[in-house]
Amino acid sequence: MLRLPFFLGGVLSSSSSRRGEVAREAARLLYFGLATEYYDAKRQAARSLRVRVLPTNREVALELDRLASLLEGEKRMEKLRELREDALKVMLLLERFTPVLVGSVWRGTARIGSDIDIRVFADDPQNVVDMLKRRGVNMRVESSGKDKLKKYVHIYFKTDRGNSVEVVIRPLEEKRLRETCDIFGDEIRGLTISELEKVLREDPARKFIPD
């Protein structure tokens, strides 16, 4: 007898199909700004569907990527190229601080409203701030961290094309620190200036998502 993916009445029939439904609903919540964090989106989605199983962050991210492509079409890839071009301009400006492009613009999963996320490394964050000031960048500077001994300085501004940028300044000792992505589970490698230049030359829409 053929087993259907769900029974009449909307009660899902398997753990995997439940996870899929929750992942799609969580992705919808994230896309439309009804949730800002994956954890919250998954819990909200599970409550609305009246199920207890939760998908992985990766499952939600893949559904979010599919939804963005469906709703934004070809313009999405055009926007990704624009974001990567703007990221390169900022990175060249901050070249002495070893910039690395991370986040959705690195991954290739950027969508409408996505920020450009760049990490730089300097023991004195003021050096980065001063350089941007000399270039006439209108910015907002904040600090954050889990404790007073480890705070990162965040710089927020917009490019000439109106794209939002967040530059996070980390100490030099963290330049070789390896971090695991809490969404895809792989190492957050990012793109250096030369790597980003190569991507823009050869495949501007390339994605960096693990299999």
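Residue numbering for the sequence shown follows the numbering used here, beginning at 2 and increasing consecutively. In this text, a Cβ means the ideal position worked out from N, Cα and C, and glycines have one as well. Since this is a predicted model, take the numbers as computed values, not measurements.
Rounded C-alpha distance that separates residue i from residue j
i, j, result
"Val129", "Val23", "42 Å"
"Ser195", "Arg20", "39 Å"
"Glu83", "Asp124", "31 Å"
"Leu60", "Leu31", "The amino acid occupying residue 60 in the given sequence is Glu; Leu does not appear at that position. In a straight line, the C-alpha of Glu60 is about 13 Å away from that of Leu31."
"Val1", "Phe98", "The question about residue 1 has no answer, for the chain in this structure spans 2 to 212."
"Arg202", "Pro211", "22 Å"
"Gln45", "Arg112", "22 Å"
"Leu173", "Val121", "9 Å"
"Gly74", "Ser16", "31 Å"
"Phe8", "Leu50", "Because the pLDDT of Phe8 is 38, which lies under 50, any placement of that residue in the model is unreliable, and the number read from its coordinates should be weighed accordingly. Those two C-alpha atoms are separated by around 14 Å."
"Ala62", "Ala28", "7 Å"
"Asn164", "Phe158", "8 Å"
"Ser70", "Ala47", "24 Å"
"Asn58", "Ser18", "16 Å"
"Arg67", "Asp204", "20 Å"
"Glu79", "Leu178", "33 Å"
Cβ shell of residue i (< 6 Å), same chain only, five flanking positions each side left out
i, result
"Glu180", "Ile189"
"Ile156", "Met140, Val142 and Val168"
"Val200", "Arg207"
"Pro56", "Arg20, Val23 and Ala24"
Integer Cβ distance of residue i from residue j, believed to fall under 8 Å
i, j, result
"Ile170", "Pro100", "The pair is not a contact, with the Cβ atoms about 10 Å apart (cut-off 8 Å)."
"Asp116", "Val166", "7 Å"
"Lys184", "Tyr40", "Per the sequence presented here, residue 184 reads as Ile, with Lys not at that position. Not really, about 11 Å apart at Cβ, beyond 8 Å."
"Gly191", "Leu102", "5 Å"
"Val52", "Arg85", "That pair is no contact at about 38 Å."
"Phe33", "Gly109", "At roughly 21 Å, the Cβ-Cβ gap does not stay under 8 Å, so Phe33 and Gly109 are not in contact."
Close Cβ partners of residue i (< 7 Å) along its chain, the five nearest in sequence each way excluded
i, result
"Leu150", "With a pLDDT of 49 at Leu150, under the threshold of 50, the modelled position of this residue cannot be trusted, and the question is left open."
"Lys176", "Thr99 and Phe122"
"Arg162", "Glu83 and Asp87"
Bounding residues of the alpha helix (DSSP H) (the contiguous stretch that carries residue i)
i, result
"Val106", "Gly104 to Arg108"
"Val23", "Ser16 to Tyr32"
"Asp118", "No alpha helix (DSSP H) contains Asp118, which is instead part of the beta strand (DSSP E) from Ile117 to Phe122."
"Lys176", "Taken as a continuous stretch (DSSP letters only), Lys176 belongs to no alpha helix (DSSP H), as it is neither H nor E."
"Glu96", "That residue, Glu96, is in no alpha helix (DSSP H); it is neither H nor E in DSSP."
"Lys199", "Ile194 to Glu203"
"Ala36", "Looking at the DSSP string, Ala36 is not in any alpha helix (DSSP H), and its letter there is neither H nor E."
"Ala69", "Asn58 to Glu73"
Residue interval of the beta strand (DSSP E) (run including residue i)
i, result
"Arg135", "Where Arg135 is concerned, there is no enclosing beta strand (DSSP E), although the alpha helix (DSSP H) it sits in stretches over Pro126 to Arg135."
"Val169", "Ser165 to Arg171"
With 16 other Cβ atoms within 10 Å as the buried cut-off, status of residue i
i, result
"Lys43", "buried"
"Leu93", "exposed"
"Ala206", "exposed"
"Glu26", "buried"
"Asp118", "buried"
"Gly104", "buried"
"Arg135", "exposed"
"Leu35", "exposed"
"Leu95", "buried"
"Arg77", "buried"
"Leu72", "exposed"
Neighbourhood of residue i by C-beta, 8 Å cutoff - its chain only, sequence neighbours within 5 removed
i, result
"Ser145", "Lys152, Tyr153 and His155"
"Thr160", "Asp87, Lys90, Val91, Ile117 and Val166"
"Asp187", "Thr181 and Pro211"
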